[in-house]
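Down below is the structure, laid out as structure tokens.
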Amino acid sequence: MPRPLTALIPRLREICGDDGVITDPHRRRTYESDGLTYHANTPGVVVLPTSTEQVAAVVRLCAEAGVPFVPRGAGTGLSAGALPDSDGVLVVTSRMRRIVEIDPADERAVVQPGVANLEVTRAAAPHGYYYAPDPSSQQVCSVGGNIAENSGGAHCLKYGFTVNHVLGLEVVTPQGEVVRIGGKAADAPGYDLLGAFVGSEGTLGIATEITVRLLRAPQKVRTLLAAFETMDAGGSAVSSIISAGVLPAAVEMMDALSIEAAEAAVACGYPPGAGAVLIVELDGPAADVDAQFEHATRLCREAGAFEVRTADEPAERARIWKGRKSAFAAVGRISPAYIVQDGVVPRTALPEVLGRIAELSADSGIRVANVFHAGDGNLHPLVLFDDAEPGASERAAEVSGKILDLCIEHGGSITGEHGVGVDKACQMPEMFSPADLETMDLFRSAFDPAGLANPDKLLPTPRLCGERPGIRKGVHPLVAEGAAEQF
Amino acid sequence: MTQEDTVANPETEALAEGGAVVREGTPGDAAAGRAPRYVARPPDTAAASALLAAAHRRGLTTVMRGHGTASDWGAPPERCDVVLETTALNGVEHAAGDLVVQVGAGTPLADLQAELAAAGQRLTLDALVPGGTVGGAVATGLSGPRRLLHGPLRDLIIGMTAIRADGVAASSGGRVVKNVAGYDLGKLHTGAFGTLGLITSVTFRLHPLPEALRTVGATAPNPETAQQWTRDVLASGTVPAAVELDWPETGPLTLRVLLEGAEGGIDARARAVADLMAGSGITEGRPAHWGVLPGEDEDTLLKVAVPISEVAEAARLLHEAAQRQHTTAAISGSAGAGVLFAALPASAHAESVDAVARSVRAAVDGSLTVARPAPALADADLDRWGEVPGLELMRSVKQRFDPHRLLAPGRFAGGI
Ligand SMILES: Cc1cc2nc3c(=O)[nH]c(=O)nc-3n(C[C@H](O)[C@H](O)[C@H](O)COP(=O)(O)OP(=O)(O)OC[C@H]3O[C@@H](n4cnc5c(N)ncnc54)[C@H](O)[C@@H]3O)c2cc1C
Ligand SMILES: Cc1cc2nc3c(=O)[nH]c(=O)nc-3n(C[C@H](O)[C@H](O)[C@H](O)COP(=O)(O)OP(=O)(O)OC[C@H]3O[C@@H](n4cnc5c(N)ncnc54)[C@H](O)[C@@H]3O)c2cc1C
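The listed protein sequences correspond, in order, to chains X and V.
If you're matching positions, the first sequence starts at 1 in full-length UniProt numbering and goes up one per residue.
If you're matching positions, the second sequence starts at 1 in full-length UniProt numbering and goes up one per residue.
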């Protein structure tokens, strides 16, 4: 342990108590990575504060000593955003798990950052409300982590991302000051710091209290599953639904390989022979949903769907979603190792890009399964390989990287929801010019002139670049535990 | 050399170097009473970069102008050497199939909407003053009634390019609706009144034009009832696009609920809303003057944001505070989103405006800002912003983007 850190330990204990400071190497190692286990670093020291005051005192101490700190929520991030610094302090919010207030009259909830996403909905449900952003890790991932990653979920096509649902933040700045931005009311005066903080991946400070918008639970939800012979046909159904002015809550798509994997794993019973399935979910006022549902069904048939199943009851809907929700885990079972990519293309470029991915796969002999959020063009190609085979992991990484290049070529993004973190910091220059990045860095330094908040994340640094995207083996541990679904 | 009406001098020469058309300023060019020395109109973004870089080198302050319909919003700039006219930075690139548009900041909003409407789409902004530009709307950051369902203006922006005070152009976001790569700097420029840079192009997400519209309106006997109706309508699951409150100086308070959606479902939804509001009537389409700010052009305009359960109470407080100052308030705004505008007549003195602002600020859990003072109060010593949480961070952001305070200095919150 480096000296400045050793000197800090007694003072950290004073702040967080003995049980709030972890120095034991074995226990520290349990925090060595987030959901992207390929990147790992044992943190210098781990603290588990219970209040804003403790977080602020810890950060002030880091600022005085010039020691870096890394915020961490539940550690489910998929871009190594919470990768610890071995010479720094890992500030974990897992003991800040209080729902401060559920306020149905104002349609707001106030929570501490360690509260799990789904707990907000659970607490709001008795009042007829829910918290809209629904990442598939929602049983475990923290609201603070969601803020940092601007997380989305299957329903963000209609309801937007975390940034559209956050009204207020209490933030501990990298200098250790406590600042409140916004609250239950909209439009706080001045620059929109709130909007810029969301998605900042822990590099601008630590969110210690969060005020979110609650939405009224929809009157009605209806789901359809349409089977197509080809991905092209499925893709054109997506286009025609969106351009017809139907705004579904979710539009999800799977290709033959992922359908096959899901069938083998959970016997989801999707129509045999499908080259693509599309799941379309509509929600809202009952009368509206019914009208739009007929329309969407017709458009699927016109695009060549050979079978359309519909579901109105929760149990039936769950059956439709089952294959989709188990797809990632299922693919994990049919391949010894795989890389999950997260890229975005304009919806209209989907057919073209999917075709190019198929070519890439054929040329390299590396299988790629496509399971994705079709409505907003967010691809999650799973690049499958056998890590026992010499050279396979390199080839897979290459295919995965080329998929990202395709996204950029088509005017898309290198990440739709998993964030940049460490994993994609070196790809940022492919999407942004040096001037863009320099300007982003100016903004960062306005909050953190000393560069102590989650250094080496989000923006490329010379020290970092040259590493390959993360590789995972088997089923994600959280999925295996049944604590999260990945889709 | 591209100059009009200007005797060449080293300053105008420097400003025109990159191709901008430069002329001398006139009193008619004044931004909140500050007449500029020069007005410069860059023909494209490269010229805009060169212009800002030249102004930067020479220590000249710049104030941006679209069509100038909101040039008296915000505090008067401390100095204004150059007015930069954005109107040539126009152009629309509509990706209809993706429901996305990239548009030059100087494009008139009306032109943009007309082009989108021809493809059955819209940028969901309300009843804009004719003549405003896209850049002006984004830089003032105002959102109308339909923010309730579609979010405030900033939620519709997915990408932006802006030029910094030193002339460096930088983009953030992108052209896809889902994207979390990098900081979302477009958020900072939205509502910043041009104090962080010149917005040159904005990419928006669009919505399809709705098949059907209905408005359900009723006069409330008292503010409590209006509040209860708002609550009931929001909780009804009918998903209104807007819930607007309108409470003029004298006369009753009206609540109007706008529904948008499929033809097949809209009447049932309208009836469900009407059942919640005693004495209500249903009309097709949107009422005239929908979303228009209250009062007259010369009035002092206040903006009040509160938690949604306190909207009617805030409106009552505004009326009472105005009365105590022997003036009146015309109030309208989004009951559903908790954002109201109040117009105090141009005759109201600065002390009265300040007193109204102070008493409302003290009573609500939100904010009150003086969006636009009456012309007579342009230079009055008004507390326009109230308390600005995070002001030190904002100053720090300004310091990084514009260290010499060359972009509309003093115009923004906290004297930024
Ligand atoms: C199985 C699985 C499925 C997933 N599905 C989705 C999905 O559908 N959509 C999606 O968007 N993501 C998904 N993710 C990714 C991940 O769950 C999200 O990014 C989530 O928001 C991370 O939350 P966390 O609490 O685990 O954060 P962590 O992983 O602990 O941290 C993530 C980042 O947030 C920062 N951070 C954490 N807390 C704070 C705080 N209080 N203040 C400031 N910064 C903070 C960290 O420094 C780090 O940069 C999935 C992950 C897994 C493992
Ligand atoms: C009486 C009145 C009523 C209004 N009603 C409404 C309404 O109902 N709904 C609504 O949404 N808006 C309303 N507005 C606001 C305003 O008219 C619009 O926002 C309009 O779009 C502004 O455009 P403009 O081109 O006229 O802006 P300008 O007046 O030219 O500029 C406005 C501000 O933005 C800055 N600016 C302009 N362009 C740029 C740029 N490219 N980059 C950076 N900064 C820039 C200017 O410096 C100035 O501070 C109203 C304004 C007034 C005065």
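The C-beta atom is built at its ideal place from N, Cα and C for all residues, glycine as well.
Every value quoted in this text rests on a predicted model; they were computed, and no experiment measured them.
Compute the Euclidean distance between the alpha carbons of alanine 337 of chain X and leucine 60 of chain V, then round it to the nearest angstrom.
-> Computed Cα separation, rounded: 60 angstroms.
inquiry  = Determine whether the beta carbon atoms of valine 179 of chain X and alanine 56 of chain X lie at a separation below 7 angstroms.
reply    = no
Query raised in the report: Where do the N-terminal and C-terminal ends of the alpha helix (DSSP H) with proline 381 of chain X fall, by residue?
Result: First-last for proline 381 of chain X: 381 to 385, but that is the beta strand (DSSP E), not the alpha helix (DSSP H).
### Message
With H, G and I counted as helix, E and B as strand and the rest as coil, what does DSSP make of leucine 464 of chain X?
### Response
coil
Q.
I need the DSSP call for isoleucine 414 of chain X, collapsed to helix, strand or coil.
A. Three-state DSSP puts isoleucine 414 of chain X in coil, outside helix and strand.
Would you list the residues sitting across from methionine 64 of chain V in a DSSP beta bridge? V:Leu84
Exercise for the section: Please decide whether proline 389 of chain V counts as near chain X, where near means a Cβ-Cβ distance under 7 angstroms. Expected result: yes
- Going by C-alpha distance, which of X:Glu119, X:Val163, X:Ala227, X:Phe161 is nearest proline 271 of chain X? X:Ala227
Ends of the beta strand (DSSP E) at histidine 150 of chain V? Histidine 150 of chain V -> not in any beta strand (DSSP E); alpha helix (DSSP H) instead, spanning 147 to 150.
- Message: Can you determine whether any heavy atom of ligand 2 sits closer than 6 angstroms to the C-beta of residue 520 of chain X, and answer yes or no?
- Response: Not covered by the structure: residue 520 of chain X. The range shown for chain X is 1 to 487.
Checklist entry - For the candidate residues X:Glu263, X:Val238, X:Ala244, whose alpha-carbon lies nearest to that of residue 495 of chain X? => result As displayed, chain X neither begins before 1 nor continues past 487, which places residue 495 of chain X out of reach and without an answer.
*asked:* Excluding the 5 residues flanking leucine 83 of chain X on each side, which residues of the same chain have their C-beta closer than 6 angstroms to its C-beta?
replied: His39, Asn41, Val422
Check your understanding: How about asparagine 9 of chain V: is its Cβ closer than 6 angstroms to a heavy atom in ligand 4?
Key -> Ligand 4 is absent from the structure shown, which contains only ligand 1 and ligand 2.
### Contact set for alanine 396 of chain X: own chain, Cβ-Cβ below 7 angstroms, skip 5 residues either direction
Cβ within range, chain order: Ile339, Ile366, Val383, Phe385.
Exercise. Can you list, in chain order, the residues of its chain whose CB lies under 7 angstroms from that of glutamate 263 of chain V, leaving out five sequence neighbours each side?
Worked result: Shown here for glutamate 263 of chain V: same chain residues with a beta carbon closer than 7 angstroms to its own, the five before and five after excluded, namely Glu211, Ala212 in chain order.
When the Cα atoms are used, what is the spatial distance from alanine 105 of chain X to alanine 362 of chain V?
21 angstroms
**Request:** Can you give me, in chain order, the residues of the region 34 to 65 of chain V that have a beta carbon less than 7 angstroms from any beta carbon in chain X?
**Result:** none
Would the beta-carbon of threonine 76 of chain X be found less than 6 angstroms away from any heavy atom of ligand 1? yes
Name the chain X residues that come within less than 9 angstroms of phenylalanine 401 of chain V, Cβ to Cβ? Thr439, Leu442, Phe443, Ala446
Check your understanding: Between histidine 189 of chain V and glutamate 438 of chain X, what straight-line distance do the alpha-carbon atoms span, to the nearest angstrom?
Key -> Histidine 189 of chain V and glutamate 438 of chain X have their C-alpha atoms roughly 16 angstroms apart.
query = Residues in the region 144 to 156 of chain V with C-beta within 9 angstroms of chain B's C-beta atoms, listed in sequence order?
reply = Given the protein chain composition of this structure (X and V), no chain B is represented.
Review point. Using DSSP with H/G/I as helix, E/B as strand and the rest coil, what is alanine 315 of chain V?
Key: helix
Chain V contact residues for threonine 415 of chain X, given Cβ-Cβ distances below 8 angstroms: Asn179, Val180, Ala181
Out of V:Ala170, V:Gly74, V:Val103, state which residue places its alpha-carbon closest to the alpha-carbon of glutamate 93 of chain V. V:Val103
Nearest to glutamate 199 of chain X by CA position, among V:Ser201, V:Ala192, V:Gly182, V:Ser71, is which residue? At residue 199 of chain X the sequence reads glycine, which differs from the glutamate that was named. Residue V:Gly182 is the option with its Cα nearest to glycine 199 of chain X.
Same chain only: Cβ atoms within 7 angstroms of glycine 205 of chain X, ignoring 5 sequence neighbours per side: The residues are Val171, Val172, Thr173, Pro174, Phe447, Ala453.
Is it the case that the CB of glycine 135 of chain X approaches a heavy atom of ligand 1 more closely than 6 angstroms?
Checking the sequence shown, residue 135 of chain X turns out to be proline, not glycine. Checking the Cβ of proline 135 of chain X against ligand 1 gives yes.
8 angstroms Cβ cut-off: residues of chain V touching cysteine 156 of chain X: Lys178
- [ ] Quick one: which unbroken alpha helix (DSSP H) runs of 4-plus residues sit fully inside the region 309 to 360 of chain V? Chain order, please.
- [x] 311 to 324
Bridge partners - alanine 207 of chain X, DSSP secondary structure assignment
X:Val171
query = By the criterion of Cβ-Cβ separation under 8 angstroms, what are the contact partners of methionine 394 of chain V in chain X?
reply = Gly190, Tyr191, Leu193
Chain V contact for glycine 470 of chain X (CB, 7 angstroms cutoff)
Since pLDDT at glycine 470 of chain X reaches only 43, below the 50 mark, its modelled position is unreliable, and no value is offered.
key: Run of the alpha helix (DSSP H) containing valine 297 of chain X, from where it starts to where it stops   = In the sequence as presented, valine is not what sits at residue 297 of chain X; that position holds threonine. 286 to 302 is the extent of the alpha helix (DSSP H) around threonine 297 of chain X.
Stretch pair the region 335 to 344 of chain V + the region 384 to 401 of chain V: three plus CB contacts closer than 8 angstroms = Touching, no.
Checklist line | Selection from V:Arg175, V:Ala242, V:Val82 that minimises the alpha carbon distance to arginine 286 of chain V | finding: V:Ala242
Exercise for the section: Check whether the region 168 to 175 of chain V touches the region 131 to 150 of chain V, taking contact to mean three or more Cβ pairs, one atom from each stretch, closer than 8 angstroms. Expected result: no
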